[in-house]
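Residue numbers for the sequence shown follow the working numbering, so the first one is 32 and each next one is one higher.
Contents: one structure, followed by commentary.
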Amino acid sequence: MKVVHKFAEEGRVAIRHARTDAINRIKKTEHVSEDEKKKAEKDVQKLHDDHLKLVDAAIKAKERTS
């Protein structure tokens, strides 16, 4: 189980880094309205949350089978 938790934490960190990178790219985008940038940031945040839930679900599934 320690290995599973280690991989899960690495996955969470990777997801957070991807979110940060995506939001930074959105902020640097030119020729796009502020409203569209905010919407894109919300979409990225939603994807981030959804993927963290998937990681948590995978951990729970593994704990049940162990």
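Note that CB positions come from ideal geometry on N, CA and C, so glycine has one too.
Own chain residues within Cβ distance below 7 Å of residue i, not counting five before or after
i     : result
Ile54 : Glu72, Val75
Sequence-distant residues of the same chain with beta carbon closer than 8 Å to residue i, five excluded per side
i     : result
Ile90 : Val35, His36, Ala39
Lys93 : Met32, Val35
C-alpha distance - residue i paired with residue j, whole-angstrom precision
i     : j     : result
Ser97 : Val44 : 25 Å
Ala4  : Val63 : The structure shown does not extend to residue 4, since the chain is modelled only from 32 to 97, so the question has no answer here.
Glu67 : His79 : 18 Å
Lys84 : Ile57 : 24 Å
Glu65 : Arg47 : 23 Å
Lys59 : Ala88 : 34 Å
Unbroken alpha helix (DSSP H) run spanning residue i, endpoints
i     : result
Glu67 : 65-96
Glu40 : 33-59
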